[in-house]
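For what it's worth, this note's numbering labels the leading residue of the sequence shown as 81, then goes sequentially.
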Amino acid sequence: MKNIDSFTHVRGESLFVDDLMIRQDALFGLCFDSPKAHGKIISIDYSKAEALEGVERIFTYKDVLGENQIGGIIPDEPLWAVDEVHFWGQPIAFIVAETEVIAKKAKALIKIDIEELPIITTAKEAKEKGSFINAPRSFNLGNTNDSFKNCKYVFEGETFSNGQEHLYLETQGCYVVPQENGSIKITSSTQGPTQVQKTAAKVLGIPMHKIEVDVIRLGGGFGGKEDQATPWACMAAVAVQHLNKPVKYMLNRHDDLRMTGKRHPYSSSFKIGLSKELRIEAFEAEFLQNSGAAADLSPAIAERTLFHATNSYFIKNVKTTVYSCKTNLPPNTAFRGFGGPQGMFVIESAIAVAANKIGVDKSKIQEANLLDENDQFPYGQIATEVQAKKAWFSAKEKFEFEKLEKKVKSFNKKNKLYKKGISLMPIAFGISFTNTPMNHARALIHIYQDGSVGVSTGAVEMGQSVNTKMLQVAQDILGISADKVKLETTNTTRVANTSPSAASSTADLNGKAVEMACNSLIERLTNVASKMVSSDRNKITYKDDFIFVSEKKSTISWESLIAQAMLERVALSENAHYATPIIHFDKSKEKGHPFAYHVYGTAITTVTLDCLRGTYEIDSVKIVHDFGKSMNIGIDIGQVEGALAQGIGWMTLEEISYNSDGKLLSNALSTYKVPDIFSVPKTIETIPLETDGHDLAIKKSKAVGEPPLMYGIGVYFAIQQAVKEFNPNYKLKFDAPFTPEKVLIGLYENQ
Ligand code: LUZ
Ligand code: MOS
C-alpha cells in the first residue's frame, strides 16, 4: 500500500499551514530577535517601527497576560526576552502588520542597545565555568575501577560530534484565528499539538479548553518541531488575544535557521578496557552536551545518550555521565535519534582506538561483544528477543562480507591515490519515550451511517506515513477497503492530552489505540451481524466489505450492516486509550525497564577516497534491518534510506558553525551542505531480518523512524580506515563531521 498522501503530494494539492485560505482581515507576524548572543538590554526604541503605516502593533513580554514562560521540562525559557538576552536569535518582540513586507520593514526600524556580557559557545568552556542546565546524571553497572585493573588493554580518548540542522522542507509556522468568547484556534506545524495548546494556555492565562490546535500535516519535523513549534504559535496567539483578528506567522528559512535549536553538539571522553580475548570488560564515558541557552528537551536527550552509550554491546562494567552544559547558543533540541547517535559515536570511537592500538580489525572487537539474550543493559533492563548477533551475522553472510573485505584490500594494494575503506555498524535502539508517563495515545473512530469511516488519533503526519499505517490498522480490523477510511487532521478537541509524535513510537502507540477502538466497534457490530446472517458470533468475520460466515462470504455488505446498526441505535463511534504495559523506570536508582523493545540491525559500508583531493564517495551501504514483521515494507525501507542519508549528512557534510560572538555562520543553504543525490551512497540495499516481530509493536511491525539514522555512523569509520590506508602516520581523530577538508588534512598530516 502506497503512502495515502502520494497523489496529492505529487500534484501539489496537499495542504500545509501556508496553504490555508486565510481570512480577509488576517494580519502577519514577524519576530524581532536578539542581534547579540549575551547581554543586558539597555533600551529598545520601537517608535519608528510602530509609526510605519500598516503596522498594527508590536508585542513584547509586557503584553503577556498569563506567564511569559515556555520551558517544557524546566521553566527557564521566556517567550520574549525581558531584560537580558542569552542567544543570538532570541525572540524579543513580535511585530504584527498588514503584510509580511511591512513587518519586515518595521523590523529594520527597531533600535536596540545591548550591553554585552561574556559568551560561552562550547560545552567544554561551559563545564569549566560551571554553567549547567541541571545536575549531571550517571548510569552505573558493575565496577569499572576494579575492572580496569585487570584489563590487558586500557585506552582513553576524546570525541566531538557537531550539531545538525533539521532542515524540514516546511519551515516553522502557524495560523491563529479568534473564536467566540475568548477561544482561539491554532493551526500549527507542530509534532506536539498538546504542547502548543498547553503552553499557549499558560502564556495567555486561559484554560486549555479555550484553545483548539489543529495539525494537518508537516513538511518534515525530525524532532525540530517537537518543542520548537511552540513559541511561534504562542506569539501569534498573544497577538490574537489582544487584536481579536487572525494572525499568521511563517518563518522564512533564514529566520528559522538562526532562531531555532538543532541537534546537540557533544564533546565526550572515554576510557575502554579489554581482555586478551578482546572482550570489553569496562567502559567509561563522560558526555558534555552543548544544550544552548535554555533546557528545552536537553535533559531528556541527555538521558537517551546514557541509554544508548553501549550501543548493541554487552559490557559488564559501565560508568557513564552526562552534563547538560548551558551555553549562549539557541536551545538545542530533539533531532531524530535524540542523543542516541551522539552516545553511539563515542563507543564506536573507543572501539576504533582499541582496534588500532591492538592491531586488529575494528569488526573483531565489535563481533566479540555483541549483546546476547538475557544480557543486562547498564540501566537494568534485561535484553530479550535480542537480534544483535543475528543481524550482524546475517549481514556478513548475505552480503558476503569476507569477499567485500578482500576486494577492498586488493583495491588498496593496486591503487596509490585512491583508497577504499569498509566498516560494520551494528545498532540497538530502545523504543518508548524514556519518560515512561509519555507512553500513551488515543484514537477516536466514527463509522458514519453510509459505512465510511473517519479516524482521529494523536499521531501527527510529517511525511513518515503514519496516517497510512493507521489506515491499514483500521481497514484490516473492520475488513473494509482503503477508500472507506479517512484519516482526519490531528486535533486537540477530538483527541486530547497527546504525547508528541516522537521517539519512533507514534505508530505503535496510536496504532494500538486504533486497534482497540476498532475491536470495540466490531464487538458491537457483531451483535447486529449475527442476527442478520443468523449465525453464531464466533463464526463471523469481516473482509472485503462483506460479512463472512465460517470464512464464506455472505450476502450482507458492510454498508447494509451499518444501516441496520443505525436502525438498532448501536453506537458507531468509539474512543480508545492505550498505554504501553511493562515499562517502568526509577530515576533515583537509574534502573528499570524503560523500553518496550529494541530495534536491531547491521550496516556494511564501503567508501572510496580520492587521496589527492580528500573527497570521497560512498560506494554502498548494505543493511540487514530488524523491521519485525513489517506492515508496510515500502514505507519502512523509505524510512531506512531517509534516516541513513540523514545520518551520513551528520557524519560527513553538515557543519554547523557559530563564530565566537555566538552568531550562526552556516545560516543558509550556500554555507550549510546537506546530502544530495551526489553524496548519498551509490547503492543502498536493505534486507529485512527474518524475525517474529514484537507484541508491543503495532501488528508486530517494529518502530522504524530513528534507529536506521545510526547506520550513518559506519561511514565515519569507513572513511577513517581509507585515510589510514593512505597515511599510516594518521592519528585517529573523532571529530564529526568528517568533511573533505578534515580528510585532506588527515591524509597529509605527520608525513
Ligand atoms: N522525545 C521525547 C523523543 O520526548 N522523549 C524521548 O524519549 C524521545 N526519544 C526519541 C525521540 N524523541
Ligand atoms: Mo523526535 S527526535 O521528535 O522523535
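Just so you know, even glycine gets a beta-carbon here, dropped at the ideal spot from N, CA and C.
- Taking 8 Å as the upper bound for CB-CB distance, Leu-484 and Ala-468 are not in contact here, some 21 Å apart.
- About 6 Å separates the beta carbon of Ser-269 from that of Gln-252, a gap short enough to meet the 8 Å contact definition.
- When secondary structure is reduced to three states using DSSP, Val-575 falls in the coil class, being assigned neither helix nor strand.
- In this structure, Ile-172 lies away from Val-181, with their beta-carbon atoms at least 9 Å apart.
- By the Cβ test, the region 194-201 is not in contact with the region 227-240, since fewer than three Cβ pairs between them sit closer than 8 Å.
- DSSP, read as helix, strand or coil, puts Thr-400 in strand.
- Taking C-beta separations shorter than 7 Å and ignoring five residues to either side along the sequence, the partners of Leu-95 in its chain run Ile-296, following chain order.
- If you look at Gly-353, you'll find it in the beta strand (DSSP E) that goes 346-354.
- For Val-320, there is no enclosing beta strand (DSSP E); the residue is part of the alpha helix (DSSP H) that begins and ends at 310-323.
- Closest in alpha carbon position to Phe-167, among Lys-478, Asp-741 and Glu-821, is Asp-741.
- Following the DSSP letters along the chain, one finds Pro-421 inside the alpha helix (DSSP H) bounded by residues 420-438.
- One residue list follows from the rule of a beta carbon closer than 7 Å to any heavy atom of the ligand MOS, given in chain order as Gln-271, Gly-301, Phe-302, Gly-303, Glu-306, Ala-414, Phe-415, Arg-416, Gly-417, Phe-418, Pro-580, Ala-582, Ala-583, Ser-584, Gly-785 and Glu-786.
- Contact between the region 362-372 and the region 437-445 is absent: fewer than 3 CB-CB pairs across the two stretches fall below 8 Å.
- Residue range 481-494 is occupied by the alpha helix (DSSP H) that includes Lys-486.
- When the five nearest sequence neighbours on each side are left out, the beta carbons in the same chain lying within less than 6 Å of the beta carbon of Asp-815 are those of Phe-240, in order along the chain.
- The shortest C-alpha to C-alpha distance from Leu-221 to any of Thr-390, Gly-591 and Gly-729 is the one to Thr-390.
- Inclusion of Ser-512 in the 8 Å shell around the ligand LUZ follows from its C-beta lying nearer than that to a non-hydrogen atom of the ligand.
- Taking 4 residues as the shortest admissible run, the region 208-275 contains the following complete alpha helix (DSSP H) segments, listed from N- to C-terminal end: 224-229.
- In the three-state scheme derived from DSSP, where H, G and I count as helix and E and B as strand, Thr-279 is classed as helix.
- Check the Cα spacing between Thr-660 and each of Ser-579, Cys-314 and Ile-636: the tightest is with Ser-579.
- CA-to-CA, the gap between Ala-777 and Arg-693 works out to about 46 Å.
- Per DSSP, Phe-87 is one residue of the alpha helix (DSSP H) stretching across 86-91.
- Val-679 is positioned such that its CB atom lies closer than 9 Å to that of Val-784.
- The residues Lys-265, in chain order, have a CB closer than 6 Å to that of Gln-259 in the same chain once the five nearest residues on each side in sequence are set aside.
- The region 680-699 and the region 821-829 touch, with three or more beta-carbon pairs separated by less than 8 Å.
- Taking C-alpha positions only, Cys-254 is separated from His-322 by approximately 17 Å.
- When secondary structure is reduced to three states using DSSP, Leu-551 falls in the helix class.
- Closer than 8 Å to some heavy atom of the ligand LUZ: that describes the Cβ of Arg-384.
- Pro-273 sits away from Val-257, with the two beta carbons spaced by 9 Å or more.
- Set against 8 Å, the gap from the CB of Ala-380 to the closest heavy atom of the ligand LUZ is smaller.
- When secondary structure is reduced to three states using DSSP, Ser-700 falls in the strand class.
- Non-local beta-carbon contacts of Trp-638 in its own chain, meaning distances under 8 Å to residues more than five positions away in sequence, involve Gly-531, Leu-558, Gly-559, Ile-560, Lys-564, Tyr-622, Asp-625, Phe-626 and Ile-627 in chain order.
- Non-local C-beta neighbours of Asn-492 in its own chain, meaning closer than 7 Å and more than five positions away in sequence, comprise Lys-499, Lys-500 and Glu-805, ordered along the chain.
- Assignment of Pro-379 by DSSP, reduced to helix, strand and coil, places it in the helix class.
- Per DSSP, Val-594 is one residue of the alpha helix (DSSP H) stretching across 586-612.
- Per DSSP, the beta-bridge partners of Leu-368 are Ser-347 and Tyr-403.
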